[in-house]
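What the sequence shown shows, in UniProt numbering, is residues 1 to 126, in sequence order.
Where a beta carbon is used, it is the ideal one built from N, C-alpha and C, also for glycine.
Reviewing the structure listed below.
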Amino acid sequence: MNSLCFLPGENGTFKVISKTTSDETKGQCKPLSIMCHCWIPKHYLLIETSSGLLKVNPYLCNATAFNREPESKYAINSMVFSKMGLFVGYKTGFIDIVNISRDHWSIIETFKVSHPIKNLLMSPLL
């Protein structure tokens, strides 16, 4: 399995390259602390890092910083995608159902539970 390297680009974009083919860019690659990830339609991967959410297309080798609202809910601990939308769990005990279209993040509904969210699982029937 190859490692991916994210090189910062213009306007909040990133160039994604394989570490095995990036000898000349080794000094430019910075490690990301990945909290969780989730595949979404059209071959995109959402990756929550210690510095924010990235929307990655590994096939086209690019990534962008995904704008989301609200920023104050804390880091995302878990994500799962279903036909109903993207379910996002936070350490603060909130679960958002999110609609994603292009680079827009809109919350459909929010639930508060009594414990921090560590891991979300979704039945394949939903």
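Check                                                                                           : Outcome
Contact set for I76: own chain, Cβ-Cβ below 8 Å, skip 5 residues either direction               : M35, C36, E48, L53, V88, G89, Y90
Cβ distance (whole Å) where L120 is taken to contact M79 below 8 Å                              : 7 Å
Close beta carbons around K73, own chain, < 7 Å, minus the five adjacent residues each side     : Y90, T92, F94
Sequence-distant residues of its chain with Cβ nearer than 7 Å to V56 (five each side left out) : V16, Y44, L45, I47, A63
Own chain residues within Cβ distance below 6 Å of M122, not counting five before or after      : V80, S82
Proximal residues to K118 (C-beta, below 8 Å), its chain only, five neighbours per side dropped : N77, S78, G89
Length of the line joining the Cα atoms of residue 145 and H115                                 : A query on residue 145 cannot be resolved here, the shown segment of the chain reaching from 1 to 126 and no further.
Backbone CA spacing between P58 and K42 [nearest angstrom]                                      : 11 Å
Opposing strand residues paired with I107 [DSSP bridges]                                        : V98
Whether K109 touches I97 by CB criterion (7 Å)                                                  : Note on residue identity: the sequence assigns Glu, not Lys, to residue 109. Against a cut-off of 7 Å, the Cβ pair of I97 and E109 comes out as a contact.
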